[in-house]
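The sequence shown: position 204 = 203 (numbering that gives the first Met the number 0), numbered continuously.
Glycine is no exception: its CB is placed at the ideal position from the N, C-alpha and C atoms.
Just so we're clear, the structure is a prediction, and the values are computed from it rather than from any experiment.
Working notes for the structure below.
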Amino acid sequence: MLGFSISKEELKVFLEELEELLQGFELQILNLEKQVTPEGVQELFRIAHTIKGSAASIGYDSIAKLTHTVESVLDSVRQGKLQVNREMIELFFSSLDLLRQFKDGIASGKYANPDISGLHHSLESLVKKGGEKKEPALKGTSKGQFSKSADSSLLAPGENLYEVVIRFAADCELPSVRAFQAHLELEKLGEVLQSFPTLEELKAGAGEFSEFLVSLKSRKDSDSILRSLKSVSELSEAKVVKMAHPEQKEGDSLHGPDLKQELKTARTIRVNVDVFENLMNLVGEIVIDKTRLISLGTELASRGEGGVYGEEILETTQHLDKMTSELQEQIMKARLVPIDLIFKKFPRMVRDLSARSGKTIEFEMFGEDTQLDRAIVEEMIDPLIHLLRNAVDHGIEPPEIRQNRGKPAFGRIKLSAYQEENHVVIQLQDDGGGIDVEKVKHRAVEKGIITKEESKSMSYQEALYLIFLPGFSTAEKVTDLSGRGVGMDIVKANLQKIGGTLDIKTEVGIGTTFTVKIPLTLAIVQALMVLHHHTVFAIPLGVVREIVKLQEDKIQTLGGKQVFVLRGEVLPLTWIGEFYDEPFPEHKGVYNIVVVSYGESLVGVLVDEFLNKQEVVIKTMGSLIGDVSGVAGATILGDGTVALIFDVQSFLNLVSRSRRFSQAA
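Rendered as structure tokens:
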């Protein structure tokens, strides 16, 4: 039980901040494992110190005690008494895992001060042993590397002596933490000779103070020092004064005239995700009403009815259209979050998976700042986890096999993201053994997924995409990583759910690249409106490649399947009527065809009529109707009628189950 009384809102803020700190803690441990630097150790110390202070302030004593011991280890490293080694890294990871357990317990309302004695004892033992550890240090460390020069009284040529005065914002909750951050920034620029409060007092969580004073020896000029301090949050003012020097006049100083404004951090607030969901629903309703008003205004104007009122209605609806679009854009921006929210979970995961599989893997990430709708980011967690597990377990070969193939003993996996028009592309590349398609087909026959005859008639791509079928696995035995035939089917299912596509490129012995393409948002999309048997369908423009009018004699039959030739390429043809098991429509003279993308392939979808292009708000079908293959939802049109959102991926999967006309995804 807590010895402090805090509100639910305060607890929520604490948990959110703790999660951010733990993510930073994990990242810094991973960085420290790769390369030990003074900056990395300092940042890890800062995070541990911040967690300790926040936890202690509301009575979570176990968290505070554990992070205090971690601080002690890091302080010994900074002083050169300890070297970062494998044992230390593992203890830091154990501390991180225990802190996450604490957080989860707090969030569930079942928190109690647990027993940390074992881990606490191990950390304290590490501090007591000091430099006596015989285990080799990790790269980048050396004894005494963080110790400072004892003689700091003389200024070398080109050096200046500064007095730095820092004042904190009135609402700054942890001035000691901000002062410690400022101290770290100043240490990057030169040598801190003195400070008030002192560094030791800051580490101990110095009490209330409104100013932080530092004496700094540096070769940098005043502007550089001020710019460096801008990175520290919650400062209201900073002043750098150059002290007397034999070659300079006393009293030189610099006070940035707009420094107070420049140092202001961006004004942000934490908002529950449900608020954004409700806002988007309301905007969606406004968009529907806007479309209806524009339709009515246009109709009145075309009839010449309404007189001056009709013109005013049309003008007002046009202004409403502009304002609604701007409102919608701002709400969409508020919903967008960096994909780093999930990316940063993966370095630790890959590290642990590679250790369990006996492999050494160099894992790189790019494009972490790429933004995506929060709802889609959450749906991407499972697919990316399974793709990464697959890359570690199936993709990267064991070290001895790699060396026999003339490869480095360590494997490489690269995860990257970038925006492409209204979509985000995520690529996962590995330099492993690639996918042997013949082995995939053989395994599928063994498991009864396909027949031997079907395997012979399959194209390369059809066989490759068998790995996404439920129950399929090429693993020879079941392990805690894979072999049960679940995982890759989840990838396909989740991607279909959000309108995503997946392409695979692989070469045996060289490696594999998975390319995922997903829409920026699922809430409001641009769509091509088409008609079939008096029902309007909206096909998202993200999958539409072009529309084609084709003479009847250009439709051919190949292996019992309708196809047509587009610029020398033979494309399979289907029709929306296959929803209702309708036969292929014959004797139409001219066929209207929408060419859509299906993975990396193109497929023609025959429709009765092309209507127009417009923005549509996607509404779910509701629990009574449930999931319908080929339908992603519905929308309300300007005339009040309902149109179905055509889900190309699930529709073509539905068709492919009864006839193989294209590549499976």
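Backbone secondary structure at residue i - three-state DSSP
| i | result |
| --- | --- |
| Gly470 | coil |
| Phe609 | strand |
| His393 | helix |
| Ile384 | helix |
| Lys102 | helix |
| Thr689 | Residue numbering for the chain in the displayed model covers 0 to 664; residue 689 lies beyond these limits and cannot be assessed. |
| Thr290 | helix |
| Glu158 | coil |
| His422 | strand |
| Arg566 | coil |
| Phe195 | strand |
| Val616 | strand |
| Gln561 | strand |
| Lys504 | strand |
| Lys127 | helix |
| Val231 | coil |
| Gly632 | strand |
| Ile517 | strand |
| Asp638 | coil |
| Lys109 | coil |
| Leu173 | coil |
| Thr556 | strand |
| Glu585 | coil |
| Ile115 | coil |
| Ser324 | helix |
| Ser356 | coil |
| Gly447 | coil |
| Pro346 | helix |
| Ile312 | helix |
Exposure label - residue i; buried when at least 16 CB within 10 Å
| i | result |
| --- | --- |
| Ser694 | Nothing in the structure corresponds to residue 694, since the chain is present only between 0 and 664. |
| Phe211 | buried |
| Thr264 | Since pLDDT at Thr264 reaches only 40, below the 50 mark, its modelled position is unreliable, and the value read off the structure follows with that caveat. With fewer than 16 other Cβ atoms within 10 Å, it is exposed. |
| Glu70 | buried |
| Ser6 | exposed |
| Val569 | exposed |
| Asp638 | exposed |
| Pro571 | buried |
| Lys109 | exposed |
| Ala155 | exposed |
| Val507 | exposed |
| Ile509 | exposed |
| Arg45 | buried |
| Leu557 | exposed |
| Gly250 | Any reading at Gly250 must be qualified, since the residue scores a pLDDT of 37, below 50, and its modelled position is unreliable; no value is offered. |
| Met528 | buried |
| Val35 | buried |
Limits of the unbroken alpha helix (DSSP H) element including residue i
| i | result |
| --- | --- |
| Val69 | Asp60 to Arg77 |
| Glu9 | Lys7 to Lys33 |
| Arg401 | Pro398 to Asn403 |
| Lys451 | Lys451 to Ser456 |
| Ile50 | Pro37 to Ser56 |
| Gln82 | Here Gln82 belongs to no alpha helix (DSSP H), and DSSP marks it neither H nor E. |
| Asp372 | Asp372 -> not in any alpha helix (DSSP H); beta strand (DSSP E) instead, spanning Gln370 to Asp372. |
| Lys491 | Met487 to Lys496 |
Bridge partner(s) assigned by DSSP for residue i
| i | result |
| --- | --- |
| Glu236 | Arg166 |
| Met364 | Leu414 |
| Ala333 | Bridge partners of Ala333: none, in fact. |
| Val535 | Leu530 |
| Val591 | Sequence inspection shows Asn at residue 591; the Val mentioned does not correspond to that position. BP columns for Asn591 point to Lys548 and Val606. |
| Glu190 | Lys216 |
| Pro571 | Val562 |
| Ser600 | Tyr597 |
| Asp429 | Ile412 and Thr511 |
| Lys438 | Partner(s): none; Lys438 has no beta bridge. |
| Lys241 | Tyr161 |
| Val543 | Val595 |
Extent of the continuous beta strand (DSSP E) run through residue i
| i | result |
| --- | --- |
| Arg411 | Gly410 to Glu419 |
| Ala526 | Ile523 to His531 |
| Tyr459 | First-last for Tyr459: Tyr459 to Leu463, but that is the alpha helix (DSSP H), not the beta strand (DSSP E). |
| Lys216 | Glu210 to Ser217 |
| Leu643 | Val641 to Phe645 |
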